[in-house]
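K.L.:
Dumping the structure here so I can ask a few things about it.
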Amino acid sequence: MELSERFWEASLDELKQGFVEEQHSYSCLLCGEKIEKGVIYSYENVSYEAERYMRIHIEKAHSSVFDYLLGMDKKLTGVTDHQKKLLRLFYQGKSDKEIQAELEIGSPSTIRHHRFALKEKERQAKTFLAMMELLKEKDQHAPAFIPVHKTATMVDDRYNITEEEEKAVITKFFPGGVDKPLKKFPPKEKQRLIVLREIVKQLDPDFVYNEKELNQVLKPIYDDYVMIRRYLIEYGFLDRKPDGSAYWLRT
1 MELSERFWEA SLDELKQGFV EEQHSYSCLL CGEKIEKGVI YSYENVSYEA
51 ERYMRIHIEK AHSSVFDYLL GMDKKLTGVT DHQKKLLRLF YQGKSDKEIQ
101 AELEIGSPST IRHHRFALKE KERQAKTFLA MMELLKEKDQ HAPAFIPVHK
151 TATMVDDRYN ITEEEEKAVI TKFFPGGVDK PLKKFPPKEK QRLIVLREIV
201 KQLDPDFVYN EKELNQVLKP IYDDYVMIRR YLIEYGFLDR KPDGSAYWLR
251 T
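Sequential numbering from 1 applies to the sequence shown in full-length UniProt numbering.
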């Protein structure tokens, strides 16, 4: 199962803690890091069991689950940039007066109004989530959609992809199998997204590539590997240094 699937299928409690428990390990929902059960881990000269060490990993690698979620694209969270600023300050435990002074907006009552608006958003989200959970039990005709990857730069109709569509596109553009070269680069954006999702599986999420190393991976897949590299960045699969000296998978 892809990391994105694991993330989107996690329960609310699992999302809040940032990891899921599996048979032999704990798996970080934010980056895919696995902590094996039954192993004692050392950090700053203190020994920890696996679950506690996973919590330390999240703190070290992601600061907090809250910070990670807040950093996700607003198309995935439904939270505006202004709301993100407010939520971050609320999370820091600051008073309405302190927040008003820091943001230099309105008055403390303005901040209280924002708190109320966010509480309304929470109530709406709970109601909508309950309706969708109930619908899931009854809607026998709902297609299986491919999860949106968490690092998507924009979420629109391109991501309206069913598992059936994905299979058909992969068969068409990788007729020899996904371990063989791409037949041609798709002309349609939805098809491109499906193909890029498949290509990115051949990259190591724990490796930072220089341009030559990345090209060596992409060139056997398609002759115009420079175009593939550009689209991987454009669609939010890859990130890079401004000078192009390093590339890595976004997680």
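Don't be surprised by glycine CBs; every beta carbon is placed ideally from N, CA and C. Note that the structure is predicted; figures quoted are calculated from it, not measured.
When the Cα of R192 is compared with those of K212, L214, D157, which residue comes out closest?
P.N.:
D157
K.L.:
Which ranges would you report for the alpha helix (DSSP H) in the segment 152–179 if only whole runs of at least 4 residues count?
P.N.:
163–173
K.L.:
Measure the C-alpha to C-alpha separation of V169 and W248 and round it to an integer number of angstroms.
P.N.:
26 Å
K.L.:
In this structure, how does DSSP classify I199 when only helix, strand and coil are distinguished?
P.N.:
Reduced to three states, the DSSP call for I199 is helix.
K.L.:
What alpha helix (DSSP H) runs, 4 residues minimum, are completely inside the UniProt domain "DUF2087" (182–249)?
P.N.:
189–199, 211–218, 225–234
K.L.:
Is the beta carbon of L70 sitting closer than 8 Å to the one on K84?
P.N.:
yes
K.L.:
With H, G and I counted as helix, E and B as strand and the rest as coil, what does DSSP make of E36?
P.N.:
Strand at E36.
K.L.:
Going by other Cβ atoms of all chains shown within 10 Å of its Cβ, with 16 needed for buried, is G177 buried or exposed?
P.N.:
exposed
K.L.:
Exposed or buried, what is T251 when buried is set at 16 or more other beta-carbons lying within 10 Å of its beta-carbon?
P.N.:
The C-beta of T251 has 16 or more other C-beta atoms within 10 Å across all chains shown, which makes the residue buried.
K.L.:
Quick one, are the C-beta atoms of L182 and Y235 less than 8 Å apart?
P.N.:
no
K.L.:
Cβ atoms of E9 and S25: under 8 Å apart, would you say?
P.N.:
no
K.L.:
Cα-Cα, which of A130, K119, N210 is closest to S11?
P.N.:
A130
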